[in-house]
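Trainee: Sharing a structure here in structure tokens format.
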Amino acid sequence: MSGARQVGGGKGLGSVLSGLAVGVGFVLFLGAFVWGAVVYKPYTVPTDSMAPTIGQGDRVLAERIDGDEVRRGDVVVFKDSVWGDLPMVKRVIGIGGDTVACCDKQGRVTVNGKPLEEPYLHSKGPASPTTFSAPVPKGKLFLLGDHRNDSLDSRVHLADGTDGAVSRGAVSGRVDALAWPLDLGLLDRPEAFGALPGGVSQPGPLRLILISAVVGAVLILGGAAYGPLARLRGRGGKRPARKAEVAADV
């Protein structure tokens with residue numbers, strides 16, 4: 097009798113734990129999707145001006161941020177009427193108060209006279225096929241594409257008789273990851289900008305969101321599998337007992 101109670105109690109506890117696992121799993125899994133939808137917004141990049149970092153037609157996940165949170169080196173999504181009617185994606189090279197110029201004797205872009213090592217550029221050689229020197233007004237951002245030979249960016253708009261920069265308020269997101277093609281590559285913060293005042297931005301919560309979704313899925317599948325596995329195990333345990341009863345009758 098005591099053995100039967102222990103078995104029954106074990107089954108009851110297992111059922112409770114499996115139900116709890118499924119419940120917690122659903123909270124984590126669905127919560128991750130809600131969290132991601134609130135924090136991130138997907139964009140499709142229309143040109144190859146950010147190649148090789150982001151190719152034409154790639155789908156990116158941009159963290160919804162305020163323009164005041166932008167740092168040098170960030171890849172941002174913005175919309176400016178001077179640049180066009182569609183959202184664009186470029187890299188922040190300079191912020192208000194900086195002077196961005198190109199090129200030094202090694203063909204590098206400089207920020208306030210400090211050269212940048214830019215391993216993300218599309219091709220070797222000078223960091224820009226055109227030379228320029230541009231002071232960035234307060235509250236604005238100087239933006240360049242990583243494919244400097246095929247990017248309509250702040251350099252082009254210098255020729256418009258403007259400062260070529262974009263207001264911080266024009267920024268709607270900071271690209272955290274490449275979602276399509278399906279490699280979900282997280283974008284690195286370039287080390288060269290980390291040595292400048294203000295440093296670089298911190299990655300968004302995308303990694304935590306993905307972990308939450310994966311853990312939730314595992315708990316759901318594990319909890320749901322408990323019932324069928326327990327029934328199979330119970331059937332396997334009863335068969336030897338039946339054989340023993342038959343032998344005793346004989």
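Under our numbering, think of the first position of the sequence shown as 97, with each following residue one higher. The beta-carbon is built from N, C-alpha and C at its ideal position, and this holds for glycine as well.
1. Near residue 52, which residues of its chain fall below 7 Å by C-beta distance, leaving aside the five closest residues on each side in sequence?
2. What residues in its chain sit with their C-beta under 7 Å from that of residue 243, if we drop five residues either side in the sequence?
3. Does residue 327 pass the burial test, meaning 16 or more other C-beta atoms within 10 Å, or should it be called exposed?
4. What are the partner residues of residue 309, as DSSP defines its beta bridges?
5. Which runs of the alpha helix (DSSP H) spanning at least 4 residues fall entirely within the segment 255-320, listed in chain order?
6. Put residue 113 into one of helix, strand or coil per three-state DSSP.
7. Return the CA-CA distance between residue 305 and residue 133, expressed in angstroms with no decimal places.
8. Of the choices 227, 200 and 238, whose alpha-carbon is the least far from that of residue 245?
9. Check residue 165 in the structure and name its three-state DSSP category.
10. Could you please give the first and the last residue of the uninterrupted beta strand (DSSP E) stretch that includes residue 182?
11. Taking buried to mean at least 16 other C-beta atoms within 10 Å of its own C-beta, is residue 103 buried or exposed?
12. Do you know whose CA, among 108, 121, 247 and 109, lies nearest residue 316's CA?
13. Can you list, in chain order, the residues of its chain with a C-beta nearer than 7 Å to that of residue 348? Leave out the 5 residues immediately preceding and following it.
14. With H, G and I counted as helix, E and B as strand and the rest as coil, what does DSSP make of residue 324?
15. In angstroms, rounded to a whole number, what distance separates the CA positions of residue 174 and residue 253?
16. Residue 128 by DSSP, collapsed to three states: which one?
Mentor: From the atom records:
1. Since the displayed the chain opens at 97 and closes at 346, residue 52 lies outside it and no answer follows.
2. 144, 145, 146, 147 and 218
3. exposed
4. Answer is none; residue 309 lacks a bridge partner.
5. 287-290
6. helix
7. Approximately 10 Å between the Cα atoms of the pair.
8. 227
9. helix
10. Note, residue 182: premise wrong, no beta strand (DSSP E); not H, not E.
11. Here the model assigns residue 103 a pLDDT of 45, short of 50, so the residue's position is not dependable and the matter cannot be decided.
12. 121
13. Here the chain covers residues 97 to 346 and nothing more, so residue 348 does not appear.
14. helix
15. When rounded, the distance between both Cα atoms is 15 Å.
16. helix
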